[in-house]
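Written out below as structure tokens is the structure these notes cover.
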């Protein structure tokens, strides 16, 4: 990605989502030797993640996290790509450490808030199996031009599901069970049904007259729904603008109704039920905005700030959970590095200017600690938009590109043998005392995302060699 030139995407259809990223030539010809030496000397070596790695093994190697985390209420654990085996294993171990050693009491994920309620019930000991809730389903080569199957959900990799299995076992004997919290819009942005269907049940009890807005939204949105935001985004390219506006208007009227009749709804159904239904309606509105934004990008008219709606929903959902839960609740938050970064993105870029992490940092200050996970070597995910795929996207295997000289990954050249953890705050202080150039990008799949890396994260873990999860969609 770093050797790409910057393109003007307006009115030119997008065929590769990497083209939405700002790109520039490297600012350095080689990584600063003093910084790579500092990382080599000061990095904490973590347990290996190779074949046979046991997430249940002792956690002594993670002790450096104790000082890094301090008393923070929210610790965010990132990843530079979804569907990576080693990131899932490492986050499983860190989750154990934060729960068992530091007393964290909630596990939040970049996963649908409405669907997350069923996951929370399961980790608290409810019936069923986590694979029924979260394993990828309906993959393959279906969809338009294929065998006609529609993907029901993207799901979560087996490493994430294994972490939830551990959480359920932990909760079975815990004095204070750990909650699961989904923070995201439904179905990876692919469908409004997971949030509107429970709202329909709620409105049937408190305001049946508002159901007409909800039914209109489902009538328009569900025929174009799919396993990720890419499916409805492609479908919207052929959907009449008047129909898209009718969907948006119906959701706006529904959200307005919730605000106008707040006291009446609360009296009829209780405050907790009202707040849950309101969050679901906001998720539906945000999903509509996310689908529109992606469709506009695919059509060649991308608007970066339009993607900020999802970031706002992610942040607000977690902040609302904290407000309801009391000051002693501490949260482990899992999401992509691009979501958890504390810094804002370039104002002239095509990504959301305001990220979830930026909003959380503004609200929580030092109580928010983001830790990026990245890697050198091995393989990574290559996301390829594909209108004919049932998920609207193909996940291919690609060799991890060589680290760009001005990337944070280049600073880990001296610790190739095992995962390494660095305190980004200490590294930043060292770089600024010496007047050394700080890294200005970090990996995102096979590309790079530009950001002030040592300001964006408090900790950085680099894994030497990554592999795709065994059940990555193809």
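Numbering (this note's numbering), first residue to last: 1280 to 1753. All residues carry an ideal CB built from backbone N, CA and C; glycine is no exception.
So, under 8 Å CB-CB, residue i and residue j are touching, yes? Tell me the CB distance rounded to an integer number of Å.
i: residue 1475; j: residue 1569; result: Contact flag wrong, Cβ pair sits at about 15 Å.
i: residue 1616; j: residue 1651; result: 5 Å
i: residue 1655; j: residue 1724; result: The Cβ separation is near 14 Å, so there is no contact.
i: residue 1473; j: residue 1466; result: 6 Å
i: residue 1392; j: residue 1558; result: 6 Å
i: residue 1413; j: residue 1370; result: The pair is not a contact, with the Cβ atoms about 15 Å apart (cut-off 8 Å).
Straight-line CA distance for residue i to residue j?
i: residue 1566; j: residue 1583; result: 16 Å
i: residue 1560; j: residue 1533; result: 8 Å
i: residue 1306; j: residue 1624; result: 18 Å
i: residue 1703; j: residue 1551; result: 40 Å
i: residue 1612; j: residue 1618; result: 11 Å
i: residue 1485; j: residue 1544; result: 6 Å
i: residue 1736; j: residue 1498; result: 43 Å
i: residue 1630; j: residue 1722; result: 15 Å
i: residue 1633; j: residue 1627; result: 12 Å
i: residue 1603; j: residue 1554; result: 10 Å
i: residue 1698; j: residue 1742; result: 4 Å
i: residue 1575; j: residue 1739; result: 34 Å
i: residue 1488; j: residue 1536; result: 10 Å
i: residue 1660; j: residue 1332; result: 21 Å
i: residue 1425; j: residue 1514; result: For residue 1425, the predicted structure reports a pLDDT of 35, less than 50, and the residue's modelled location is therefore unreliable. A value from the coordinates is still provided. Distance between the alpha carbons of residue 1425 and residue 1514: 16 Å.
Keeping to the same chain, check which residues put their C-beta closer than 8 Å to that of residue i; ignore five residues upstream and five downstream.
i: residue 1483; result: 1490
i: residue 1376; result: 1338, 1341, 1344
I'd like the list of long-range same chain contacts for residue i, defined as Cβ closer than 7 Å, with 5 residues on each side in sequence excluded.
i: residue 1257; result: Residue 1257 lies beyond the stretch modelled for the chain, which goes from 1280 to 1753, so this question has no answer here.
i: residue 1372; result: 1334, 1338, 1341
i: residue 1572; result: 1582, 1585, 1586
i: residue 1437; result: 1748, 1749, 1750
i: residue 1657; result: 1679, 1744, 1745, 1746
i: residue 1409; result: 1401, 1440, 1443, 1444
Quick one: what's residue i bridged to in DSSP?
i: residue 1458; result: 1385
i: residue 1653; result: 1741
i: residue 1391; result: 1463
i: residue 1358; result: According to DSSP, which records beta bridges pairwise, residue 1358 is partnered with nothing at all.
i: residue 1722; result: 1727
i: residue 1675; result: 1661
i: residue 1699; result: 1324, 1741
i: residue 1747; result: 1363
i: residue 1558; result: Its beta-bridge partners do not exist; DSSP assigns none.
i: residue 1432; result: 1416
Give me, in chain order, the residues of the same chain whose beta-carbon lies closer than 6 Å to that of residue i; leave out the 5 immediate sequence neighbours on both sides.
i: residue 1366; result: 1358, 1652
i: residue 1479; result: 1493
i: residue 1447; result: 1402
i: residue 1300; result: 1726
i: residue 1351; result: 1646, 1648
i: residue 1556; result: 1478, 1481
Report task. Please determine if the segment 1380-1397 and the segment 1643-1656 are in contact, where contact requires at least 3 C-beta pairs separated by less than 8 Å. Result -> no
**Report entry** Inter-stretch contact at 8 Å, needing at least 3 Cβ pairs: the segment 1452-1472 / the segment 1394-1408
**Finding:** yes
Query raised in the report: Touching or not, the segment 1526-1541 and the segment 1672-1683, by the rule of three or more beta carbon pairs under 8 Å?
Result: no
Query raised in the report: Any chance the segment 1499-1506 sits against the segment 1668-1678, with 3 or more Cβ pairs inside 8 Å?
Result: yes
Query raised in the report: Using 8 Å as the threshold, is the segment 1711-1719 in touch with the segment 1589-1600, meaning 3 or more CB pairs across them?
Result: no
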